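To keep things clear, I will list the structure first and then write my remarks on it.
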Amino acid sequence: MGRHGGRHRIRRQAQPESSVTSTGTHRAVGRRRGVAAWPIACVVLLGLLVAGWFGWNWADGVLESRAAAQATDCIKGDTTVRVAVDPALDSPVKAAADRWNRERMVVGEHCVRVEIRTAASADVEAVLSGTSDPATVGGYPTAWLPDSTARIDALAETHPELIGSSGLVIASGPRGDHPFLAVAGPKTDDVKQHAAQSFQRFLLEPAQQSEFREAGLTSPND
């Protein structure tokens, strides 16, 4: 074996690992394509528009149904209850009447509107007794809230036919109790009497009684 006897050992150097490259249409692993935001926004907007359309039609249907129900409840038309009120009760009774009228109260299939006429109790007593013109107190009253129970007691003695209710006390003040009288007689029909009695019960409810307290009066339940 010549000068270089023995076998030559071949050393092979380790080849470096090939790096991952991206060629052609292939992309490196681990990178994702971004998703455009505008298609999602369009879907959300469309959903809101559809929900709004259904909500609008539902609300419109409710209003139409409510209006139809009110029209059905008032199939016998409208009626007006005129209430003569002592000046001491003017503010709370007017507030109660406004609330009653806003709620479109129905009595006996009639839509009842309450009108308040403020007048001195002596003047209303004269009208009911037939010694004065109803125009002096704004028209013949359907109901009366005088300054004391003595007024109704006196009317019951001279004109018992005009007493359409028991004269429940609505509120009390420095001058005494203030009762409510639903006026009966030939000038007041049954519908108006029933409506007046319903307004009397309405005045005794907590919401209305709070108005009397704010005016410096006391409730029958106090």
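In terms of the numbering used here, the sequence shown is residues 109 to 330.
Ideal placement from N, C-alpha and C gives every residue a C-beta, glycine not left out.
In this text, all values refer to a predicted model and were calculated from it rather than measured experimentally.
Residue i classed as buried or exposed, judged by whether at least 16 other C-beta atoms fall within 10 angstroms
i: residue 212; result: exposed
i: residue 294; result: exposed
i: residue 317; result: buried
i: residue 255; result: buried
i: residue 359; result: Any question about residue 359 goes unanswered here, given that the chain covers just 109 to 330.
i: residue 274; result: exposed
i: residue 272; result: buried
i: residue 326; result: exposed
i: residue 313; result: exposed
i: residue 296; result: buried
i: residue 190; result: buried
i: residue 233; result: buried
i: residue 259; result: buried
i: residue 282; result: exposed
i: residue 287; result: buried
i: residue 200; result: buried
i: residue 315; result: exposed
Those residues which DSSP pairs with residue i across a bridge
i: residue 186; result: 219
i: residue 205; result: None, per the DSSP bridge assignment.
i: residue 234; result: Paired residue(s): none; residue 234 is not in a bridge.
i: residue 192; result: 225 and 252
Limits of the alpha helix (DSSP H) - the one that residue i falls within
i: residue 323; result: Run containing residue 323: none; DSSP gives neither H nor E here.
i: residue 302; result: 298-311
CA nearest to the CA of residue i, picked from the options
i: residue 222; options: 321, 322, 330 and 301; result: 301
i: residue 279; options: 319, 246 and 260; result: 319
i: residue 205; options: 243, 308 and 326; result: 308
i: residue 185; options: 209, 201, 207 and 217; result: 217
i: residue 226; options: 269, 195 and 201; result: 195
i: residue 250; options: 284, 187, 329 and 330; result: 187
i: residue 197; options: 232, 259, 323 and 329; result: 323
i: residue 284; options: 247, 215 and 257; result: 257
i: residue 243; options: 287, 214, 192 and 209; result: 192
i: residue 215; options: 181, 235, 246 and 230; result: 181
i: residue 208; options: 330, 248, 306 and 246; result: 306
i: residue 219; options: 315, 328 and 299; result: 299
i: residue 229; options: 310, 262 and 210; result: 262
i: residue 264; options: 277, 247, 241 and 291; result: 291
i: residue 202; options: 329, 328, 310 and 330; result: 310
Terminal residues of the beta strand (DSSP E) in which residue i lies
i: residue 287; result: 284-287
i: residue 279; result: 277-281
Three-way DSSP call (helix, strand, coil) for residue i in this model
i: residue 292; result: coil
i: residue 212; result: coil
i: residue 253; result: strand
i: residue 239; result: coil
i: residue 264; result: helix
i: residue 160; result: Model confidence at residue 160 stands at a pLDDT of 48, short of 50, so the residue's coordinates are unreliable; what they give is reported in the following sentence. Residue 160 falls in the helix class under three-state DSSP.
heavy atom of the ligand ZN below 7 Å from residue i C-beta
i: residue 214; result: As far as ligands go, the structure on display features none, and thus does not contain the ligand ZN.
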